[in-house]
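In terms of numbering that gives the first Met the number 0, the sequence shown opens at residue 0 and continues consecutively. No residue lacks a Cβ here, since even glycine has one placed at the ideal position from N, Cα and C. Note sheet for the following structure.
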Amino acid sequence: MKHGIGIGIIDVQQNDIPHPFIYSNSRDNNTICLIGQTPYIKGKFKLGSGCNELNQGDKVSTIVDLQSNPHTFCLVINKVLQPFCVMNIPDRVKFILLFGNKDDEWEFVSLKELAQGVDLNKIEQRRIYLYE
């Protein structure tokens, strides 16, 4: 992928935000990110996730469920839950927005607390990844 936009989270304890592709030392890369249609967890890509490709103009919701045990991270693109999630995320996170081109933009619409978390039964077990 030559250019791609991305969205994700990182452990709030990490000051430097590494590029999501850097995987040589996963202890130094605490990112979870979707770039294009590929999830990256601590720098390692997860092919075959079945995600929609992230494009300019898409309405994207990042769901960070800190009430569930374990904590989870999911994405919704254009009102469609993406078929992957990450479990055991940190207690506190920062949000990441990636730009593929100088003309790319993100519009932050809202931050809200949901009444209930995501039904993880909608996600295949093999696409539930651990944050490790």
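By the CB criterion at 8 Å, I9 and V92 fall inside the cutoff.
L110 carries a coil assignment under DSSP once its states are collapsed to helix, strand and coil. Using a Cβ-Cβ distance cut-off of 8 Å, the segment 73 to 87 and the segment 119 to 126 are in contact, since at least three pairs of beta carbons, one from each stretch, lie closer than that value. When beta bridges are read from the DSSP output, P38 appears opposite L33. The beta-carbon separation of Y128 and I88, rounded to 10 Å, does not stay under the 8 Å limit for a contact. In this structure I4 is not in contact with L65, their Cβ atoms being roughly 25 Å apart against a cut-off of 8 Å. Its chain contains S60 as the residues whose beta carbon lies nearer than 6 Å to that of V75, once the 5 sequence neighbours on both sides are disregarded; these appear in chain order.
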